[in-house]
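Inspection log for the structure reproduced underneath, given as C-alpha cells.
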Amino acid sequence: MNSRKHTVRDSKTADLYTLIAVMYWVYGWPQTLRNTAHTLAAVANTDRSLFGLLSRDELSIWYFRPSVRIVVHKRNSQSLQDFGSNVAMVWRPDSSLIVVQTDEDFLLFYNLIDDPNDGHLLDQKDVDISGLRRESSELFITEKIPSLILILMAAEEEIVIGTKNGEICGIHWDGSIDETFIWKLTSKTFSATDDINVVDIKYSSMIGGFGLVFSCGRAAFMPLHSHPQTSTTSQPSTPSTTPLSTPDVMSGSPQFNSRLQFVSEVDNACSCAINHKYQLIAFGLNNTEGVVCCLDDTQYGITITHRLVLSGDTFPDASFTAGALTCIQWTPDSTVLATAWQRGGFALWSVFGALIACSFSWDLGAVDAIKSSPFIVNSMAFGKEGYHLWLATRSAKLDNSNDKSNNYLLDGVSKLSMAKSVIASNPSSSINEELVLLTSEDRLFIGIGAVNVGQQQQHYSPMCSTDYIDHYCNGSITDDIMPSTNCSSGEIYWEQQPIAVGNLQWIVINMPQRYLATNWPIRYAAIDNMSQHIVIAGRTGLAHYSISHRKWKLFGNETQEKDFEVCGGLLWCNEHIVLSCYNVMESRYELRTYSHKYKLDNEFVRVLKVDMVPPECVTLVVLTNLHIESTKEQLSILMNICGRLLLLEKESTGELSEQKAMPINTISNDNKSIVYKKVSILASGVENVWIANTGCKSDRPHLTESLYVSCGANGMGVWLPLLPVPEQQTTSHSFMSKRIMLPIATHIYPLAILFRDAVMLGAENDTVLGSRHLPISLPFSVVSRTSQVYLHHILRELLRRNLGLHAWEIANSCTNLPYFPHSLELLLHEVLEEEATTSHPIPDALLPRVVDFIREFPVFLQTIVHCARKTELALWPHLFAVVGNPKDLFQKCLSEGQLETAASYIIVLQNLEKSSISRHYASLLLESARNAGCFQVVKDLARFLRAIDSSEGETSVNRTSTSSTSGIFGSDSTLDTHPTLTRQTSGINHMSP
Numbered sequence: 001m002n003s004r005k006h007t008v009r010d011s012k013t014a015d016l017y018t019l020i021a022v023m024y025w026v027y028g029w030p031q032t033l034r035n036t037a038h039t040l041a042a043v044a045n046t047d048r049s050l051f052g053l054l055s056r057d058e059l060s061i062w063y064f065r066p067s068v069r070i071v072v073h074k075r076n077s078q079s080l081q082d083f084g085s086n087v088a089m090v091w092r093p094d095s096s097l098i099v100v101q102t103d104e105d106f107l108l109f110y111n112l113i114d115d116p117n118d119g120h121l122l123d124q125k126d127v128d129i130s131g132l133r134r135e136s137s138e139l140f141i142t143e144k145i146p147s148l149i150l151i152l153m154a155a156e157e158e159i160v161i162g163t164k165n166g167e168i169c170g171i172h173w174d175g176s177i178d179e180t181f182i183w184k185l186t187s188k189t190f191s192a193t194d195d196i197n198v199v200d201i202k203y204s205s206m207i208g209g210f211g212l213v214f215s216c217g218r219a220a221f222m223p224l225h226s227h228p229q230t231s232t233t234s235q236p237s238t239p240s241t242t243p244l245s246t247p248d249v250m251s252g253s254p255q256f257n258s259r260l261q262f263v264s265e266v267d268n269a270c271s272c273a274i275n276h277k278y279q280l281i282a283f284g285l286n287n288t289e290g291v292v293c294c295l296d297d298t299q300y301g302i303t304i305t306h307r308l309v310l311s312g313d314t315f316p317d318a319s320f321t322a323g324a325l326t327c328i329q330w331t332p333d334s335t336v337l338a339t340a341w342q343r344g345g346f347a348l349w350s351v352f353g354a355l356i357a358c359s360f361s362w363d364l365g366a367v368d369a370i371k372s373s374p375f376i377v378n379s380m381a382f383g384k385e386g387y388h389l390w391l392a393t394r395s396a397k398l399d400n401s402n403d404k405s406n407n408y409l410l411d412g413v414s415k416l417s418m419a420k421s422v423i424a425s426n427p428s429s430s431i432n433e434e435l436v437l438l439t440s441e442d443r444l445f446i447g448i449g450a451v452n453v454g455q456q457q458q459h460y461s462p463m464c465s466t467d468y469i470d471h472y473c474n475g476s477i478t479d480d481i482m483p484s485t486n487c488s489s490g491e492i493y494w495e496q497q498p499i500a501v502g503n504l505q506w507i508v509i510n511m512p513q514r515y516l517a518t519n520w521p522i523r524y525a526a527i528d529n530m531s532q533h534i535v536i537a538g539r540t541g542l543a544h545y546s547i548s549h550r551k552w553k554l555f556g557n558e559t560q561e562k563d564f565e566v567c568g569g570l571l572w573c574n575e576h577i578v579l580s581c582y583n584v585m586e587s588r589y590e591l592r593t594y595s596h597k598y599k600l601d602n603e604f605v606r607v608l609k610v611d612m613v614p615p616e617c618v619t620l621v622v623l624t625n626l627h628i629e630s631t632k633e634q635l636s637i638l639m640n641i642c643g644r645l646l647l648l649e650k651e652s653t654g655e656l657s658e659q660k661a662m663p664i665n666t667i668s669n670d671n672k673s674i675v676y677k678k679v680s681i682l683a684s685g686v687e688n689v690w691i692a693n694t695g696c697k698s699d700r701p702h703l704t705e706s707l708y709v710s711c712g713a714n715g716m717g718v719w720l721p722l723l724p725v726p727e728q729q730t731t732s733h734s735f736m737s738k739r740i741m742l743p744i745a746t747h748i749y750p751l752a753i754l755f756r757d758a759v760m761l762g763a764e765n766d767t768v769l770g771s772r773h774l775p776i777s778l779p780f781s782v783v784s785r786t787s788q789v790y791l792h793h794i795l796r797e798l799l800r801r802n803l804g805l806h807a808w809e810i811a812n813s814c815t816n817l818p819y820f821p822h823s824l825e826l827l828l829h830e831v832l833e834e835e836a837t838t839s840h841p842i843p844d845a846l847l848p849r850v851v852d853f854i855r856e857f858p859v860f861l862q863t864i865v866h867c868a869r870k871t872e873l874a875l876w877p878h879l880f881a882v883v884g885n886p887k888d889l890f891q892k893c894l895s896e897g898q899l900e901t902a903a904s905y906i907i908v909l910q911n912l913e914k915s916s917i918s919r920h921y922a923s924l925l926l927e928s929a930r931n932a933g934c935f936q937v938v939k940d941l942a943r944f945l946r947a948i949d950s951s952e953g954e955t956s957v958n959r960t961s962t963s964s965t966s967g968i969f970g971s972d973s974t975l976d977t978h979p980t981l982t983r984q985t986s987g988i989n990h991m992s993p
C-alpha cells in the first residue's frame, strides 16, 4: 500500500447547544469527510482508534481523532475483474489484519504493519502459510475457502463465515480453514423446504453464544455449551473463554442444530446486534420494527423484552416508507442502540426502547423526511467512548433519479459529534443529584436544577452577558459559540434558582487541553452536591474543577497521573473525590480518595487495596436507606445488574436468631460476617436510578424517600413509601404493604429528578437546516432544556388504587408549590379525556374520585374552570355532569369573592347557555365587582357586555364576538390568551413548566 495522508476540513460546531434525549445526543454541525463518496462500510477496530472505509474498489484507514486518512489502497481494474468488487470488511481484534469480502466469494487478507523506520505508515507483509499464494501486490487468496460467501464475522481466534449453501465455518487469521468448526444447516431444523442460510451473525463472550438471523426470517440464539450454565439474578454469567473450535462447542451439525433457541413470533428478521453489558440481543425486522430479547435464566430460552416501534402519531407512514431495519449497532458502553432503515433514515434508542433521536423529525427544508428520506445509511461506526458517530450514507434519490446536482453532498461519510450524560458510564455519581451533567469530547455541559424557595442562593462573580454562558480555561472566547436566546437579564450569576424562575441556560466548561492531550477520551465525570466542583477522569489520572474560582487542578507530577486508571467510577463525598482504580505500577485494584482542598499529589491520597475485579454487567451498586419494611434503619445494598434492580437487606439480630435454619447470604470481612436476606427484585428493564439524600428530615417525605427508576419505553416508576396516616398510626398490620411501585408516563427522557418539587429534568431537541451553500448535508442540532411535573401521576395512581388518604397527604404537603394548581388541572384533564373519549364501559370510573379529591383544596373552582377552558367543548357535558352545574359553581365563586374565577365561568356559560342567561350572570358579576372595587374586572365585563349582539335573541352567541375581549376573558392564571375553545386539546401540552 502506498501511504497518502489527507487532511479533513473540520466544520465549526456550536457548543452552547447539545442534543439531549437520554444517554447519547448529537450536537452541533455534522462534519463531512472528503473523498468518501460511494462508501459501502465504515468499520472501527477494537479499541476504536482507527476505522476503515470500504468502497467498491478502495480501502482506506483513518484516525478517529483527528479525522485524518492515513493510508489508502485502490484496487486496479484487473484485480476487480479477477476477484470481484469489495463487499464487506472485518478487523482482527489486535488490529494487525483486515479481511475484505468480495462479490466473487474471495477473501482478501491485508496485513497491517506500523513500522516507524519505514516511510509507509501501514504496509503488507508476506507470510509463509501452506495453501496461500501471492497473486498480486495487494492481496492473498486462499485455495480452500468455501464458495458463495454470504456473511463474515470477526472473532478472537478466527473468522466466522456464513455461506449461501447453508454452511457456517471458521477460518483462521492466517487463512487456513478450521476443520473442527463446520456447521451445516438443515431444512428439517426450520421445517422448511428451501435451503436455509445465515444472513447475519454476531458473537459475544459475555453471553456465551451467537446471535443468528436466517434467510427464512427466523432469529435465534445459539449457546456455545450444550448444557447451559445455571445462573441467578444476582450472579450473571461470566465471559466465556471457550474457543469456538473446542469439541464441546462444535461436535457436529445435529448437536449444533439442537442448541438453537428461536425467538418466538419472529419470522421476518434481517439483522442483529448483541449488548454485552445488559446481555441483550437486538434484531431488526423487515417491517421497520425491531425486537430486543434477553436470555431466560430459568428456561434457558430467549424471550422478547420490548419492541422498537416508531409511533404512528409522531411519524405517520414511517412504517410503510422506511423499509427494513437493516443496520443496528450498540454504543461502546452498551447504553444506546443506533438503527438505520433500508430506504433511509436512522434513529437512536435507549437500552430499553425509549426513542432518543430520529432523522425523520429533522428539518430538511422542503423535503419530507418521513415520506422520502434524502439519505440512506449504509453503515455506522462509533468512536472512542461514543463521542463520535460515523455514518456512511448515500443519497436515496440517486437510486431512481438522474439528477445528481443536488444530491452529491449526501453521498459520503459524515461525522456526528455526540454528548452523553454522566449516568451513562458513571451512574452512582448522579444518583441523588438535582442537575444535568453532560460530557462531550472536550466540554462539560451543566444544567442546574432548583433548590428550596427558602434556601439562600449563592452568588458569585458574573460570568457572562446575554450572549452566552461559558467557562474557559484560558479566559478566551472562541467564535464557534452560538448566541443564547434564553437570557432575560443583562447579567447571569452562578446560582441555583427556584423552579418558578427556572434557569434555562447550559453552563459550558472547557476541559483542560493539557490533560486531554495525553488522556483523551474522558470516561467518567461527577459533580458534588453543592454544584461547585467537578471531577473528570480519562485514560489515566484525573482532574477537578472549581466553578467558583474557574480553575482546573491537575497532577503536578505526571508520573503519578499515569500510575493509575479509573475503572469503576468516581463520586464526591463532601470535599473528597472517591474513585475505584487500577494501579498500573503494582497491578492491583484500589479505592482512592483525594481532597479538592489540596493539590493533586499522592502525598495527600488515601489508598485502600481491594481484591476485586469490576464486573462487566453490574451498572450500579449503592448503599441506601431503602427497605421493604419501612421501619428498618440499617443500610441496604441496591444493585442494577443487566437492567434488573436488586435490593439486599441486612438481617437484624432478632430475625437472625429466629431463622437459623433458613438459607442466608453471608459476606465476610476481617473475621466479621454481614448476613443478608434473600435478594429482592424491585424492577426490571431499569436504565437509571435516583434516590434523594435523606440526611435531614423533609417536609415531603413521600417524595424524598421514594426510589425513582427510568425504564426506557415503559416510562418511569416510583417506589413510593406508604407512610402511616394519622388514622392509622395507632394500629399496625404486618400484612399491609409498606411501599408501592407506581408508573409514571413521561414525554421527556428524565436526566435528573427534583425530589421535593416533583419535577423531572430533561431536554428536547430540534434541528435547523443550514444554508444551501454550506458544504454539509445534515442539519444543525440544537437543544433546549425542559421539565415535566409528575405529581399528578402519583396522585392519579394512588386514587386509582383507592389510596386516597395517602394521595391527600402528598398533595397537602405540596400546596405551597407554585404549580400545584397546575398539577391538579393536569390530573383532572387526563382523567376526563381518557374516560370521556372511551368507547368501552367504565365499571369503576375514576373521574368522580378525582373531582371529590380536588374539592378538598381551595383551588377547586379555579381548577375546574381552567381545565374546562383547555378542553374540547364536546367533553364539557361529561365534566359538568360530575362536577355540577356551572351556574351553581358561578354562584359559589361570587359568594366566596373569587371574582376573576367567576369571570372565567362567564365564558363557560356563554358557550353552554343562551345569551340572555350569560348576560344575566355577567350583570351579577359586574355589580359584585363594582361593590368590591375590582375595577379591572368591571372594565372587562363592560367590554364583554357591549360585544354581545342583542339581536341574536335566544340563540347561542357567536364565538367570534368574544375574540375582541381581553383581560380576564382573554387570559387566566395559565396564560390562556384566547377565550375560544378550538385549540384547547393541545393547550394542555403548554402547561408543562
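Heads up: the sequence shown begins at 1 in the UniProt record's numbering, then just goes up one per residue. All C-beta atoms in this analysis are idealised placements derived from N, C-alpha and C, irrespective of residue type, glycine included. Keep in mind the model is a prediction, meaning the values are calculated, not measured.
First through last residue of the alpha helix (DSSP H) which encompasses residue i
| i | result |
| --- | --- |
| L791 | L791 to R800 |
| H702 | P701 to T704 |
| A357 | That residue, A357, is in no alpha helix (DSSP H); its beta strand (DSSP E) goes L355 to C358. |
| E835 | F820 to A836 |
| G804 | G804 to S813 |
| Q936 | F935 to A947 |
| P848 | L847 to I854 |
Cβ-Cβ separation, residue j to residue i (assumed contact under 8 Å), whole Å
| i | j | result |
| --- | --- | --- |
| K738 | E629 | 6 Å |
| K553 | K599 | 7 Å |
| R539 | E558 | Their Cβ separation, rounded to whole angstroms, is 13 Å, which puts R539 and E558 out of contact at 8 Å. |
Close beta carbons around residue i, own chain, < 7 Å, minus the five adjacent residues each side
| i | result |
| --- | --- |
| I864 | V883 and L889 |
| G386 | Y24, T331, P332, D333, M418 and K420 |
| A41 | L54, A88, M89, N378, S379 and A392 |
Extent of the continuous beta strand (DSSP E) run through residue i
| i | result |
| --- | --- |
| N640 | S636 to I641 |
| D178 | I177 to K184 |
| T540 | Premise fails: T540 is in no beta strand (DSSP E) and is neither H nor E. |
| H596 | No beta strand (DSSP E) contains H596, which DSSP labels as neither H nor E. |
| Y300 | Y300 -> no beta strand (DSSP E), and no H or E assigned at all. |
| S204 | V198 to S204 |
| S95 | It is not in any beta strand (DSSP E) - S95 carries neither H nor E in the DSSP assignment. |
| residue 1035 | There is no way to answer for residue 1035, as the model of the chain reaches only from 1 to 993. |
Opposing strand residues paired with residue i [DSSP bridges]
| i | result |
| --- | --- |
| W341 | L325 |
| L751 | DSSP output for L751 lists no bridge partner at all. |
| W390 | A381 and K415 |
| H172 | E158 |
| W25 | A419 |
| residue 1038 | There is simply no residue 1038 to check, as the chain begins at 1 and stops at 993 in what is shown. |
| C581 | V566 and E590 |
| C272 | F283 |
| T335 | The partner list for T335 (beta bridge, DSSP) is empty, contrary to what the question assumes. |
6 Å CB neighbourhood of residue i in its chain, flanking five on each side removed
| i | result |
| --- | --- |
| S60 | L53, R69 and V72 |
| S440 | A419 |
| V851 | V882 and V883 |
| T955 | Interpretation of T955 is limited by its pLDDT of 45, a score under 50 that renders its predicted location unreliable; no figure is taken from the coordinates. |
Chain-order list of residues whose beta-carbon lies under 8 Å from that of residue i (same chain, five-residue window excluded)
| i | result |
| --- | --- |
| S636 | L623, T624, N625, L626, H627, L647, L648, E649 and K650 |
* Asked: Quick one: complete beta strand (DSSP E) runs, 3+ long, within the region 48-85?
  -> 50-55, 58-63 and 69-74
* Asked: Whole beta strand (DSSP E) runs in the region 884-929 with 3 or more residues, listed along the chain?
  -> none
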